[in-house]
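There are 2 protein chains.
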Amino acid sequence: MSQSSLDVVGIGNAIVDIVSQCDDRFLADNGLDKGAMTLVGAHAALALYDKCGPGIESSGGSAANTMAGIASLGGRAAYIGKVRDDELGRVFRHDIRASGVRYDAIPAAAGPPTARCLVLVTPDAQRTMQTCLGISAELTAADVDLEMVRAAKVTYLEGYLFDPPAAKEAFRTAARAARAAGRLVALTLSDPFCVDRHRKDFLDLIAGPVDILFANEAEILSLYRTDRFEDALTAVRGHCEIAALTRSAKGAVVLSGEAMHVVEAAPAGRVVDTTGAGDLFAAGFLYGLTHGLGPAAAGRIGAIAAAEVIGHLGARPAQPLDRLVQGLSA
Amino acid sequence: MSQSSLDVVGIGNAIVDIVSQCDDRFLADNGLDKGAMTLVGAHAALALYDKCGPGIESSGGSAANTMAGIASLGGRAAYIGKVRDDELGRVFRHDIRASGVRYDAIPAAAGPPTARCLVLVTPDAQRTMQTCLGISAELTAADVDLEMVRAAKVTYLEGYLFDPPAAKEAFRTAARAARAAGRLVALTLSDPFCVDRHRKDFLDLIAGPVDILFANEAEILSLYRTDRFEDALTAVRGHCEIAALTRSAKGAVVLSGEAMHVVEAAPAGRVVDTTGAGDLFAAGFLYGLTHGLGPAAAGRIGAIAAAEVIGHLGARPAQPLDRLVQGLSA
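Sequence lines, in order, name chains A and B. First residue of the first sequence: 1358, per this note's numbering; consecutive thereafter. First residue of the second sequence: 1358, per this note's numbering; consecutive thereafter.
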């Protein structure tokens, strides 16, 4: 195995978030599934945008948030995902590069606009997302920079990639290249409804190339069609080297071979917006793993990164994470 | 005087803010005037954007922020300002309408892009702004909806309008129409450097059609070329009916005819970003005045609105202001 010049490369849907506050009634009136990510067309997205309150735009995308978190912790991260050369595409590209993440893709000169996600945050800090995939859905295997994948200790793939059809092949190409180079493959399940749409594919990947699995409680329950977390733990054990399962305020459970580590949630102040909590847990965990920490210590870094991002609107860190974890790995 | 269907109509440069955190060294390295608003061309704006950290995009523009604040307090506000039919123009238009402000302008199908302002926030919560005026600089007298001006108790004009040459005429047209309809004219000085660029014009306006003047300490000192606040108070007295002069943590001084009212700053939690503090003070003050309050009580509402906006990133209220001032006017 050649020396790695990157810790993690993430592949995902490159999205700009439009964060807007609303109440539960707004969700009900518009028939929205609270807490879920729903794919919508451009027309429906615009109609809903017209109805919602003032917004704040910031770069998002699950794997992109995770890479920004790794860079903020001081790790070497890169990102693969597709944007147009429009205003939101320029915002996405600026932000991820300004976060210290390597992002070499040239914005496309033609095609649908840059993906956007309307993130509706209710007073309980829960987020409900409506995503218009735009050009991010046109990611293909040809967009995967194989040199980058081979250079990274971990290739991190978001489950959302299974929604746009061509991206599945990009996903598999990246996973094969990573394995062939002796690297690790990580997968996050992204969303319980996404799991429901692609259950068979995910089960095959977990039985196959995936070394590290990330999921929250709803996702892992959906994957194994159970309503008991213990049953899901039993089901996933042995299928991948590490499974890091997050449970919101209850912290996380990390399975590593035969061992099970319970990681407490880090103290958070007022919880404002849970968007990005899972993405930032993955950031901290992968940063820890690629810096010589064991699963429990890596989980603690994940918990601290997640606690930071839920304290403010937006899915990426608002302050440098390296300062928050100083001394922790010593 | 016919019955008013609006409390305040604001006219200004319609701008989307890109808020990014930086340190003092970044300002020094890039030769930026801390605390000031500087006009820049598209090329310089892009070069600086490339260098700065990740951003958050949200609607801004001084008078637009003020109108959003008035609407959030429950007042009837309208706005006049120019955007393109580009992505940021759609963001601006959506946000101001979603805030409850009447905004009827059709985005322009041609011309420069929607104005943007890079707002650099330092750890001391001070903001330094680089504005690329884009199409907002093409506001002309023809864009002023005279029916709207006549229908509003107050026409509120931002001093920044004196930077784009054609907007001066729009400004004067609006002031004349307001006066002719027996309405009040309010002016905010916007920025000490803006005052320096247009001192003679501002002095003429204050001696002429302006009834209510807003300025912060630096601006009023710049206007009268003095470094003593007391001298500025003496100079402005008698030139307009009301002068509301804000002094950051020291609160505000409101001159009204022969009377002088000292308004204390409202208690704020952690001060995160002072962008919009003056705009929101004006919002609270104008809301109070147009709802039958005297200058001191109106100033208290201004102080509360300003305290809300400095507690978070961005120049518009993050929570409904009407709840914060409930019972205050009773």
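Glycine is no exception: its CB is placed at the ideal position from the N, C-alpha and C atoms. All values derive from a computational prediction rather than experimental measurement.
- Residues of chain A whose Cβ lies closer than 8 angstroms to the Cβ of E1414/B are, in chain order, I1413, E1414, S1415, V1448.
- One thing to note: A1663/A has its Cβ no nearer than 7 angstroms to the Cβ of L1643/A.
- Contact annotation for S1456/A against chain B: G1410, P1411 [CB-CB distance below 9 angstroms, chain order].
- When Cβ-Cβ separations below 7 angstroms define contact, L1445/A makes contact with chain B.
- For T1497/A, the secondary structure class from DSSP, reduced to helix, strand or coil, is coil.
- Taking 7 angstroms as the CB threshold, D1461/A stays off the interface with chain B.
- When C-beta distances to chain A are compared with 7 angstroms, the residues of the segment 1648-1675 of chain B below that value are G1671, R1673, in chain order.
- When only Cα atoms are considered, D1442/B and D1548/A end up about 34 angstroms apart.
- Using a 10 angstroms sphere on the CB of G1369/B, the tally of other CB atoms reaches 16 or more, which defines it as buried.
- Pairing R1604/A with A1482/B, the inter-Cα distance amounts to about 35 angstroms.
- Per DSSP, L1612/A lies in no alpha helix (DSSP H) segment; the continuous beta strand (DSSP E) that holds it begins and ends at 1609-1613.
- Around A1655/A, the same chain offers F1642, G1645, L1646 as residues with beta carbons nearer than 6 angstroms, after the five sequence neighbours per side are excluded.
- According to the DSSP assignment, G1641/B belongs to the alpha helix (DSSP H) that extends over 1634-1646.
- The count of Cβ pairs closer than 8 angstroms, one atom from the segment 1370-1385 of chain A and one from the segment 1443-1452 of chain A, reaches three, so the stretches are in contact.
- By the criterion of a C-beta distance shorter than 8 angstroms, G1635/A is surrounded in its chain by S1419, T1545, F1571, N1573, T1603, A1663, once the five residues flanking it on both sides are discounted.
- Three or more beta-carbon pairs separated by less than 8 angstroms are not found between the segment 1612-1630 of chain B and the segment 1389-1408 of chain B, which leaves the two stretches without contact.
- Here P1674/B has A1425, G1426, S1429, L1637, A1662, E1665, V1666 as same chain residues with Cβ atoms under 8 angstroms from its own Cβ, once five neighbours each way along the sequence are excluded.
- For Y1517/B, there are no neighbours in chain A by C-beta distance under 9 angstroms, as the nearest C-beta there is about 21 angstroms away.
- Within the model, the alpha-carbon separation for L1384/A versus A1393/A is close to 11 angstroms.
- Following the DSSP letters along the chain, one finds H1400/B inside the alpha helix (DSSP H) bounded by residues 1399-1408.
- Counting along the chain, the unbroken alpha helix (DSSP H) around S1429/B starts and ends at 1419-1429.
- For C1551/B, the closest C-alpha among the options V1476/B, A1508/B, T1488/B, A1435/B is that of T1488/B.
- Following the DSSP letters along the chain, one finds V1458/A in no beta strand (DSSP E), marked with neither H nor E.
- Residue environment analysis places G1595/B among the exposed positions, since fewer than 16 neighbouring C-beta atoms fall within 10 angstroms of its C-beta.
- Of all residues in the segment 1368-1401 of chain A, none places a beta-carbon less than 7 angstroms from a beta-carbon of chain B.
- Within the same chain, and ignoring the five residues on either side of K1525/B in sequence, the residues whose Cβ sits closer than 6 angstroms to its Cβ are F1519.
- Around the beta-carbon of A1660/A, 16 or more other beta-carbon atoms lie within 10 Å, marking it buried.
- Within a 10 Å sphere around the beta-carbon of L1685/A sit fewer than 16 other beta-carbons, which makes this residue exposed.
- A1434/A is classed as buried because its beta carbon has at least 16 other beta carbons within 10 Å across all chains shown.
- Around the Cβ of D1452/A, a 10 Å sphere holds 16 or more other Cβ atoms; the residue is buried.
- Counting along the chain, the unbroken beta strand (DSSP E) around D1364/A starts and ends at 1363-1368.
- Using beta-carbon distances, D1500/A does not count as an interface residue toward chain B, since no partner is under 7 angstroms.
- DSSP places R1554/B in the uninterrupted alpha helix (DSSP H) bounded by 1549-1554.
- Contact of Y1406/B with chain A by beta-carbon distance below 7 angstroms involves H1451.
- Here the C-alpha atom of D1461/A lies approximately 30 angstroms from the C-alpha atom of L1490/B.
- Within the model, the alpha-carbon separation for A1639/B versus E1504/A is close to 56 angstroms.
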